[in-house]
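For reference, the structure is listed below as structure tokens.
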Amino acid sequence: MKKPTRDPTESQELRRIAKERLQVSPSDDSELRSENFPSILQELRVHQIELEIQNEELRRTQNELEDSRDQYFDLYDQAPVGYLSTDARGIILQANLTIANMLALPRGNLVGRSLYLFVARDYHKALLDLLKSRTGDSGKQTLAIEMIRQDGSLFHAQVESAPKLVNYDLPLQIRMAVVDVTERKRAENQLSQSQGRYRRLIETMPDAIFTLLPDGAIASLNPAFEKITGFTRDDWLGRNFWDLLHPHDLGMAKKVIHNALAGKGGIAEEARILSSTGDYLIFYFILEPEFDFGKVAGVWVVGRDITERKMYERALHDSRDNLEAEVHRRTLELSQANKALRDGLEKRKQAAAELHEQKTELEFKTLELEEANTALRVLMRRGEEDREELENAITQQTHRLLVPRLQGLLESGLEQNQQRAVRLLISQLKHITSSFAQRLNSPKFRLTPREIQVAMMIREGLASKEIAEVLNVSGDTVATYRHNIRRKIGILGHKVSLSSRLSEL
């Protein structure tokens, strides 16, 4: 705070007061004679020097007081804690800048107003009790409340109050120190939630979690320990952890717990733990030191039951051994099979060489056969040409010699039956030499010579009875021929005239 400057009218005011006092009590001038002037002057000089010394001392004291006052106001206004003074009714008498900043108000808007306006309604009763209390010099009071800022938002505050006493029993003022503990409250809530989550996590973990004291006593157990081992927590709380261990694992367990108590964390080991049935379960443990004010106070232990996993590992190990044995056996078999294959390959190579020789011989024979086939095709073509020439010759001879003679026989006066037979003979000779007979003789129909003969008579319009008389066979035989012909030319079962179908051919 800046030091105030002296008012120039101050010395004039002091002079005026001195003159007034001199008039009220005038001085005795009897001693003011000329012979006394030196001594009086000397006395005045001494007195003047004393006054100057006193004035200097006063000025120094005033400067110190002003510095102290400035320092006090700096500490008061700039303090990290809000300070205010109220009367017994809660009217604010003084307030520093810190509490004004907390409430987001100018300091001038606080003085003279009721403190109740800045306290949440739920805490008015507690504030009233604090203001009415008569503590005297007995000490301070602490109150946790919620205060209201100018914008209506709330913040948590801790108020410590003490009365300023006059006449030793009547408090004229109540001094209060206000601390914004919103962050601390939030941290406490977060810590409480974190502790709740931590407890739920510990209580719901599927692994056994417990703590050990330095002497090995079990200090805490979670429910998973009961589920895994079958013991209740009350069975083992306070008892020594060593009693749970398999005797063969005791030395190793004491060593790793001793290392954890020495401050080493992240230790992992396997050990056998007693169950309520008397059997031992295999646990995988992770150990961490538990610190209290920077010192190791115990050991955190997390244990997972791996008994079933170990059983599967043993089964897997046995299966792997069996598999290796089977692989070895199959390897031997494959080696033998490979040897047999190599032997077979050699034989095949030999057989391939022999086949190559035979192939070469076959190629020569194939060439010979192709030449023979070529010659045979030439001969067959010549035979076909000879057959066609023979057929043409037979046809010409039949039409030129046989048919005219048979026609002359008809004119020689034969009986009717004989004439019919001769006519039929002429017709058959013509048909034999015609393309119809050649088609009937095709391998496609596979007709017998008698069936061809009957088909030609049917085509000429002869009835079955007439065909039977000409061929000198029974009617059933002719019916059989007709049935076979219909089947072979593909009209059996169809309502098609056999004579018409043969005419189409």
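First residue of the sequence shown? That's 1 in the UniProt record's numbering, and the numbers climb one at a time after it.
Virtual Cβ for every residue (Gly too), placed ideally from N, Cα, C.
- In this structure, 95 is the residue among 320, 95 and 362 with its C-alpha nearest to the C-alpha of residue 111.
- Only exposed fits residue 380, as fewer than 16 other CB atoms lie within 10 angstroms of its CB.
- In the DSSP assignment, residue 156 forms a beta bridge with 146.
- Residue burial is scored here from C-beta neighbours: residue 206 has fewer than 16 other C-beta atoms within 10 angstroms and is therefore classed as exposed.
- DSSP lists no beta-bridge partner residue for residue 100.
- Remark: fewer than three beta-carbon pairs, one from each stretch, lie closer than 8 Å, so the stretch 204-224 and the stretch 180-190 are not flagged as touching.
- According to DSSP, residue 108 shares a beta bridge with no other residue.
- Counting every other CB atom within 10 Å of its CB across the protein chains shown gives residue 229 a total of 16 or more, marking it as buried.
- Check the Cα spacing between residue 225 and each of 152, 302 and 249: the tightest is with 302.
- Beyond the five residues adjoining it in sequence on each side, residue 409 comes within less than 8 Å, by CB distance, of 422 in the same chain, given in chain order.
- According to the DSSP assignment, residue 280 belongs to no alpha helix (DSSP H) but to the beta strand (DSSP E) extending over 280-292.
- Residue ranges of uninterrupted beta strand (DSSP E) with 3 or more members are absent from the stretch 42-82; none lies entirely inside it.
- Straight-line measurement puts the Cα of residue 279 at about 15 Å from the Cα of residue 310.
- The Cβ-Cβ distance between residue 481 and residue 446 does not fall below 8 Å.
- Residue 214 is positioned such that its CB atom lies closer than 8 Å to that of residue 261.
- The beta carbon of residue 251 is closer than 8 Å to none in its chain, skipping five residues each way along the sequence.
- Counting only runs of 3+ residues, the beta strand (DSSP E) found wholly inside the UniProt domain "PAS" (194-264) occupies 208-212 and 218-221, in chain order.
- Residue 475 and residue 456 have their alpha carbons spaced roughly 17 Å apart.
- By the 16-neighbour rule on beta-carbons within 10 angstroms, residue 90 is buried.
- For residue 302, the enclosing beta strand (DSSP E) begins and ends at 295-305.
- Closest by C-alpha distance to residue 237, out of 346, 295, 221 and 462, is 221.
- Pairing residue 218 with residue 241 gives a Cβ-Cβ distance under 8 Å.
- Listed in chain order, the non-local C-beta contacts of residue 297 below 6 Å within the same chain comprise 290, local neighbours out to five positions each way being set aside.
- If you draw a straight line from the Cα of residue 319 to the Cα of residue 258, it is about 39 Å long.
- No Cβ-Cβ contact shorter than 8 Å links residue 203 with residue 177.
- The stretch 98-106 and the stretch 68-83 touch, with three or more beta-carbon pairs separated by less than 8 Å.
- If you look at residue 95, you'll find it in the beta strand (DSSP E) that goes 92-95.
- The C-beta of residue 142 has fewer than 16 other C-beta atoms within 10 Å across all chains shown, which makes the residue exposed.
- Within a 10 Å sphere around the beta-carbon of residue 212 sit 16 or more other beta-carbons, which makes this residue buried.
- 8 Å or more divides the Cβ of residue 307 from the Cβ of residue 286.
- Excluding residues up to 5 positions away in sequence, 89, 90, 91 and 92 lie with their Cβ nearer than 8 Å to the Cβ of residue 114 in the same chain.
- C-alpha of residue 144 to C-alpha of residue 233: approximately 40 Å in a straight line.
- For a cut-off of 8 Å, the C-beta gap from residue 304 to residue 284 is around 5 Å, short enough to register as a contact.
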